[in-house]
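Going by this note's numbering, the letters in the sequence shown line up with residues 251 to 576, in that order.
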Amino acid sequence: MIEISLKECMERVDHYIHQIADYPVKQSQVGAVLNDALNLSGKMLRPKLLLLCAFLGSNWKSNKERICKLAAMVELIHLASLIHDDIVDDSPYRRGEISIQGKYGKDAAVFAGDFLISRIFNFGAVENLNEAVSVLSKTVEYMCIGEIEQDLCHYREDMSEDKYFEIIEKKTAALFQAACHIGAKEAGCPDRIVRKLELFVKNLGLMFQLKDDILDFTSNSKDLGKETLKDFQNGIYTFPVIMTLKNPKGKEVLLPIMRKNREEKLSNEEIRQVQAYIVQFGGIEASYEKIKQLSDDNRQLIKELEQDVKITVYLEKMLNDLEVKK
Ligand code: FPP
Ligand code: MG
Numbered sequence: 251m252i253e254i255s256l257k258e259c260m261e262r263v264d265h266y267i268h269q270i271a272d273y274p275v276k277q278s279q280v281g282a283v284l285n286d287a288l289n290l291s292g293k294m295l296r297p298k299l300l301l302l303c304a305f306l307g308s309n310w311k312s313n314k315e316r317i318c319k320l321a322a323m324v325e326l327i328h329l330a331s332l333i334h335d336d337i338v339d340d341s342p343y344r345r346g347e348i349s350i351q352g353k354y355g356k357d358a359a360v361f362a363g364d365f366l367i368s369r370i371f372n373f374g375a376v377e378n379l380n381e382a383v384s385v386l387s388k389t390v391e392y393m394c395i396g397e398i399e400q401d402l403c404h405y406r407e408d409m410s411e412d413k414y415f416e417i418i419e420k421k422t423a424a425l426f427q428a429a430c431h432i433g434a435k436e437a438g439c440p441d442r443i444v445r446k447l448e449l450f451v452k453n454l455g456l457m458f459q460l461k462d463d464i465l466d467f468t469s470n471s472k473d474l475g476k477e478t479l480k481d482f483q484n485g486i487y488t489f490p491v492i493m494t495l496k497n498p499k500g501k502e503v504l505l506p507i508m509r510k511n512r513e514e515k516l517s518n519e520e521i522r523q524v525q526a527y528i529v530q531f532g533g534i535e536a537s538y539e540k541i542k543q544l545s546d547d548n549r550q551l552i553k554e555l556e557q558d559v560k561i562t563v564y565l566e567k568m569l570n571d572l573e574v575k576k
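Here it is in structure tokens:
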């Protein structure tokens, strides 16, 4: 039942995504950029979460089209943020293909991201989705602040756990949280449930970013569809690095490389060493422990949420997937 509703709604979401992103001047480069970007859809986690949260409300069926429009807006905000993030990171790949900035250059990528953002909010205003427009515009502000704060922390050896979580809460978890909030509210979920769902989804967003930061060290470009070990080289020191530095032996070997990284480009051998140290001195293990803690908090929230068992099974599956060590 849930599967059918989700599938049906996702078809509508896809329809609205194309409607919002439709660029009128087809022969322009921005048109080609958007075409490419839409053809490479990701896991669609945020719109799916929005829909699952909406399914918990009593009037989701009567508000179905509005809810699908909101889910499309959320996915496109995510897409625009990735297009811009790849410019900042100078990333050559995304979702297993050459990134937009890699294929079309930075100017076209900036234009496409800007165009998408303006279309998303115009769509929300025209469709009278005013409450969601207010929540989502604040969320984009948080995402921008997260990125700006991350930029301010570049190459900082004293990057703290608290600062890391402050940044990822804004750059990643905020959009998860907003998706859940607007979906649940639009479907008429009681405030008590909305608050619990928001907490669940915020934790899920943090877990998701932690996993992304682990995989940057443990996976490979082919499996991830994007370049690995890039954050460290760009001076973005994530949780696995912070935790490795907490181990005195880890600090002894990693700190000199971090100092060098600030001054010059590391050799391939040095990058391989960084990767090995982060595994050897507990950075990855500690990151998985943090995921487990957040997951346990979320299991408790699921118990409290046990309103609609079928949906909580879905939420539980998302936790299990993130906990898998690979
Ligand atoms: C990917 O994370 C990027 C984000 C979670 C947020 C990016 C946000 C912005 C660029 C600001 C908002 C801008 C717009 C247009 C809405 P990551 O860099 O940790 O992961 P990666 O490995 O995929 O690059
Ligand atoms: Mg990035």
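Note that CB positions come from ideal geometry on N, CA and C, so glycine has one too.
Quantities reported herein were computed from a predicted structural model and do not represent experimental measurements.
{"Check": "Could you please give me the residues that DSSP links to residue 344 through a beta bridge?", "Outcome": "347"}
{"Check": "Would you say the beta carbon of residue 335 comes nearer than 7 Å to a heavy atom of ligand 2?", "Outcome": "yes"}
{"Check": "Under the three-state reduction of DSSP, which class applies to residue 560: helix, strand or coil?", "Outcome": "helix"}
{"Check": "Determine the extent of the alpha helix (DSSP H) in which residue 546 is found, giving its start and end residues.", "Outcome": "533-555"}
{"Check": "Quick one: using the 10 Å Cβ neighbour count with 16 as the cut-off for buried, is residue 334 buried or exposed?", "Outcome": "buried"}
{"Check": "Hey, how far is the Cα of residue 495 from the Cα of residue 292?", "Outcome": "33 Å"}
{"Check": "If you draw a straight line from the C-alpha of residue 436 to the C-alpha of residue 514, how long is it?", "Outcome": "51 Å"}
{"Check": "Classify residue 251: buried if its beta carbon has 16 or more other beta carbons within 10 angstroms, exposed otherwise.", "Outcome": "exposed"}
{"Check": "By a C-beta neighbour count over all protein chains shown, 10 Å radius and 16 as the cutoff for buried, is residue 351 buried or exposed?", "Outcome": "buried"}
{"Check": "Quick one, which of 372, 556, 421 and 438 has its alpha-carbon nearest residue 462's?", "Outcome": "421"}
{"Check": "Which class does residue 406 belong to by DSSP, given the choice of helix, strand or coil?", "Outcome": "coil"}
{"Check": "Pairs of beta-carbons, one from the segment 527-540 and one from the segment 489-505, closer than 8 Å: are there three or more?", "Outcome": "yes"}
{"Check": "Just the C-alpha distance for residue 556 and residue 518, rounded to the nearest angstrom, thanks.", "Outcome": "50 Å"}
{"Check": "From 305, 327 and 486, pick the residue whose C-alpha is nearest to that of residue 388; which is it?", "Outcome": "327"}
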